[in-house]
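**Student:** Start counting the first sequence at 1; every next residue gets the next number (our numbering).
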Amino acid sequence: MTAPVTRFAPSPSGNLHVGGARTALFCYAYAKGRGGKFLLRIEDTDQKRSSDAASLGFLKDLEWLGLRWDEGPEFEAPDGSRVGGGPHGPYFQSERLAIYDREIARLIAAGKAYEAFDTAEELDAARAAARAAGRPYRYDGSKALALSPADRARLAAEGRPGVVRFRSGERAVTIHDEILGDATLPAGEVDDFVIRKADGYPTYHFAVVVDDETMGVTHVLRAQEHFNNTAKHLLLQEALGYRRLTYGHLPLIFNPDGSKMSKRDKDRALREAVVAAGLEASPAGDDGRPLVDHETFLRWKGDKTVQLAADAATAVADAMGVALPEINVEDFRRSGYLPEVLVNFLALNGWSPGNDLEKFDLAFLCSRFDLDRVVKTPAKFDRAKLLAFNLDAIQAMDAGTFLRRLRAHGERYHPEFLRTLGEPRLAILAAASQPRSKTLDEVFRGNRALVVADDVLVHERSKAVEKALLKGEPTGLDLLAKAKESLAAIPSAEWSPARLEQAMNEFAGGHAGGNIGKVAQPLRVAVTGGTVSPPIFDVLAILGRDSTLRRIDRCLAAFAGATA
RNA sequence: GGCCCCAUCGUCUAGCGGUUAGGACGUCAGGUUCUCAUCCUGAAAACGGGAGUUCGAUUCUCCCUGGGGUCACCA
Numbered sequence: 001m002t003a004p005v006t007r008f009a010p011s012p013s014g015n016l017h018v019g020g021a022r023t024a025l026f027c028y029a030y031a032k033g034r035g036g037k038f039l040l041r042i043e044d045t046d047q048k049r050s051s052d053a054a055s056l057g058f059l060k061d062l063e064w065l066g067l068r069w070d071e072g073p074e075f076e077a078p079d080g081s082r083v084g085g086g087p088h089g090p091y092f093q094s095e096r097l098a099i100y101d102r103e104i105a106r107l108i109a110a111g112k113a114y115e116a117f118d119t120a121e122e123l124d125a126a127r128a129a130a131r132a133a134g135r136p137y138r139y140d141g142s143k144a145l146a147l148s149p150a151d152r153a154r155l156a157a158e159g160r161p162g163v164v165r166f167r168s169g170e171r172a173v174t175i176h177d178e179i180l181g182d183a184t185l186p187a188g189e190v191d192d193f194v195i196r197k198a199d200g201y202p203t204y205h206f207a208v209v210v211d212d213e214t215m216g217v218t219h220v221l222r223a224q225e226h227f228n229n230t231a232k233h234l235l236l237q238e239a240l241g242y243r244r245l246t247y248g249h250l251p252l253i254f255n256p257d258g259s260k261m262s263k264r265d266k267d268r269a270l271r272e273a274v275v276a277a278g279l280e281a282s283p284a285g286d287d288g289r290p291l292v293d294h295e296t297f298l299r300w301k302g303d304k305t306v307q308l309a310a311d312a313a314t315a316v317a318d319a320m321g322v323a324l325p326e327i328n329v330e331d332f333r334r335s336g337y338l339p340e341v342l343v344n345f346l347a348l349n350g351w352s353p354g355n356d357l358e359k360f361d362l363a364f365l366c367s368r369f370d371l372d373r374v375v376k377t378p379a380k381f382d383r384a385k386l387l388a389f390n391l392d393a394i395q396a397m398d399a400g401t402f403l404r405r406l407r408a409h410g411e412r413y414h415p416e417f418l419r420t421l422g423e424p425r426l427a428i429l430a431a432a433s434q435p436r437s438k439t440l441d442e443v444f445r446g447n448r449a450l451v452v453a454d455d456v457l458v459h460e461r462s463k464a465v466e467k468a469l470l471k472g473e474p475t476g477l478d479l480l481a482k483a484k485e486s487l488a489a490i491p492s493a494e495w496s497p498a499r500l501e502q503a504m505n506e507f508a509g510g511h512a513g514g515n516i517g518k519v520a521q522p523l524r525v526a527v528t529g530g531t532v533s534p535p536i537f538d539v540l541a542i543l544g545r546d547s548t549l550r551r552i553d554r555c556l557a558a559f560a561g562a563t564a
């Protein structure tokens, strides 16, 4: 058997959906595990969808996951290596029109395809009628087929845009699927579908078949939603005299509630948050201007069918401090998931190696992946489990690796954070955060207090804060005032986590019955404004002596005279 | 609605005629800890229903039910 060639063939988009990522992953693993090739092809035959450079943003997502294509669009990876290219290009369908035209001409000449001039209105009416009669719609080609060459010439001369339809021949088609087994679609299920649109572009069905043939593809792994389409492709392959391909249709991935995972989930979540917060206008960005212009914002807020641009949505969510559901690979990256974890988890949705094994890397997947272990049932995407996997991976990292990867994430998503903190303090933060972080991002999200100026730090007035500061005898506030003196006695040069812990342990021994918690919590509130942070002595070390003492003073002043 | 596909804990799944139906996440109950989070112990939790086939069905067949996909000049 020759080495397999698989392909991932998305329509152009700025983002790679997790479902698409899983498909790409399986295509990659199948080919690479067998010494074959993994191709990437852009299905941009819909002129309504843009296909400029920006719309290929998902290439970086594939690369980030470690899925480099042997052939396809050219791309320069962050490490400088070049991906893509190849002898079967162009890899954009919009640049392959001549090939499709040639093949369509062959079909027409052989009487296997014909031009049709139905208007959209006629087609809509026919569909509506079928629907009203409770029957599935099938195109009736009798009218178009009855046209004489002269008729066609006349219609074309009138400027009537025509399409080309494939003459399917109304017969049963059996699909052999390596995952689902065989299935036979009865005669009449496939009608005379369009293969060339009025704008001259081929339809998906036609382009796929031609490209898979001309690019040497041997195995088609795609989502199950394409299953019925396979019948069309089989018919086309036969009419064109092409090779037979091996098919495998992958189970779909859904939301936990069974709905489709779509970008709309983000809009929905954000809209709910906006409504819950009673927001009447877009939050402002750093420049003081609204993140979304007022009109757009109101239209979006009031109309569930309107979607916000992806960037705008994340900006607004960020400003509001709400987390949006991750849908695209980029979302998971931004949320601080590790690519190897996402790869691992994605593979587990629809496949498993058996033997109760579920932690593995891409190389392992490549070596073990096979179609006979792909499940047939759709999966619901369980973010909680993904998060647990991410945690495990972070815990398993050595400290140096964690620091490096944390820094890389920060540089990309929280540059201001890195600027203010600087390298030595970032290292302390990393060491303090690693044991308690489920994602790279929460280190930044959870420690904003570390990068705000001392004089703008706000001490929250929550139950938990009041308990830490005002309850007990002596109160946390009392202890805080005294502890400050002990801290002030430590010179800057000795201001380290170990030294601070030693000092505070001594202090607690003398003033809090040895209960370090009595001292730690008021300190935490004083310097972070809240009751949650990494270990307090690490926090104090990161802030430094001056900042620590200043924040304690401000806290003391803010709560002076307050009672529980 | 027609056609096609599917069906094991809440979720992802293992199982390929005989198992105390396994693992993981989550959940619950304890424990450790300066908060949070880790971490440790333990527990509860599934073969959708009905007919067959068989000495024996989670496993094979059929029906029902339920779920999904698809019926475009989108891909």
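All C-beta atoms, glycine included, are put in the ideal place defined by N, C-alpha and C.
1) Would you mind listing the beta strand (DSSP E) stretches within the region 128–165 that are 3+ residues and don't spill past its ends, in chain order?
2) Using the C-alpha atoms, what's the distance from ARG373 back to GLY354?
3) Starting from ALA281, trace the beta strand (DSSP E) both ways and give me its first and last residue.
4) Nearest-angstrom Cα distance between ARG271 and THR305?
5) Which runs of the alpha helix (DSSP H) spanning at least 4 residues fall entirely within the region 267–320, listed in chain order?
6) Find the nearest neighbour of PHE8 within the set ALA98, LEU97, ASP182 and ALA223, judged by alpha-carbon distance.
7) By how many angstroms is the C-alpha of ALA481 removed from the C-alpha of ALA310?
8) Compare the Cα-Cα distances from ALA276 to each of LYS301, LYS260 and PRO535 and report the closest residue.
9) Leaving out five residues before and five after PRO10 in sequence, what residues of the same chain have Cβ atoms less than 6 Å from its Cβ?
10) Relative to the alpha-carbon of PHE254, which residue among HIS17, ALA560 and PRO534 has its alpha-carbon at the smallest distance?
11) Select from ARG554, PHE444 and PRO491 the residue whose C-alpha is nearest the C-alpha of ASP455.
12) Cα-Cα, which of SER13, PHE444 and CYS27 is closest to GLN47?
13) With three or more C-beta pairs closer than 8 Å as the rule, is the region 61–69 touching the region 331–351?
14) Considering only residues of the same chain and omitting the five flanking positions on each side of ALA198, which have a CB-CB separation below 8 Å?
15) At which residues does the beta strand (DSSP E) containing GLU177 begin and terminate?
16) If I'm right that PRO4 touches HIS219 with Cβ under 8 Å, what's the distance once you round it to whole angstroms?
17) How many angstroms separate the CA atom of ASP293 from the CA atom of ASP287?
18) For LEU386, which residues of its own chain have a beta-carbon under 6 Å away from its beta-carbon, when the five flanking residues on both sides are left out?
19) Ignoring anything shorter than 4 residues, give me the alpha helix (DSSP H) runs that lie fully in the region 452–486, in order along the chain.
20) Please report how far the alpha carbon of VAL458 lies from the alpha carbon of LEU221, in whole angstroms.
21) Might you give, ordered along the chain, the residues of its own chain that have their beta carbon closer than 7 Å to the beta carbon of ALA31, omitting 5 neighbours on each side?
22) Where does GLY509 land, buried or exposed, given buried means 16+ other C-beta within 10 angstroms?
23) Report buried or exposed for PRO73, applying the criterion of at least 16 other Cβ atoms within 10 angstroms of its Cβ.
24) Could you check where the beta strand (DSSP E) with ALA113 kicks off and where it finishes?
25) What whole-angstrom Cβ distance do ARG49 and ASP211 have, given they're in contact under 8 Å?
26) Just how far apart, CA to CA, sit GLU178 and HIS249?
27) So, at 6 Å on beta carbons, what are the nonlocal neighbours of LEU236 in its own chain, with the 5 sequence-adjacent residues on each side left out?
28) Please determine, among ASP392, GLY57, GLU460 and ARG551, the residue with the shortest C-alpha to C-alpha distance to LYS359.
29) Using CA atoms only, rank isn't needed, just tell me which of ALA430, ARG383, PHE507 and LYS380 is closest to PHE402.
30) Which residues share a DSSP beta bridge with PRO202?
31) Check whether the Cβ atoms of ARG167 and ALA113 lie closer than 8 Å to each other.
32) Would SER496 pass as a contact of ALA541 if the rule is Cβ separation under 8 Å?
33) Count the other CB atoms within 10 Å of the CB of VAL452; is the residue buried (16 or more) or exposed (fewer)?
34) Take PRO251 as the anchor and find which of ALA347, GLU158, ALA146 and GLU295 has the nearest alpha-carbon.
35) Quick check: what's the CA-CA separation for SER55 versus ASP331?
36) Would THR203 and THR45 qualify as a contact pair, given that the criterion is a beta-carbon distance under 8 Å?
**Tutor:** In short, the structure shows the following:
1) none
2) 9 Å
3) Run containing ALA281: none; DSSP gives neither H nor E here.
4) 11 Å
5) 294–302 and 310–320
6) ALA223
7) 48 Å
8) LYS301
9) GLY20
10) HIS17
11) ARG554
12) SER13
13) yes
14) PRO161, GLY162 and VAL163
15) Position check: residue 177 holds Asp in this sequence, whereas Glu was assumed. It spans 173–177 - the beta strand (DSSP E) in which ASP177 sits, taken as one unbroken run.
16) 5 Å
17) 13 Å
18) PHE345
19) 463–470
20) 54 Å
21) PRO4, VAL5, THR6, LYS37 and PHE38
22) exposed
23) buried
24) 113–116
25) Going by Cβ atoms, the distance from ARG49 to ASP211 rounds to 18 Å, so no, they are not a contact pair.
26) 8 Å
27) VAL209
28) ASP392
29) ALA430
30) ARG196
31) yes
32) yes
33) exposed
34) ALA347
35) 16 Å
36) yes
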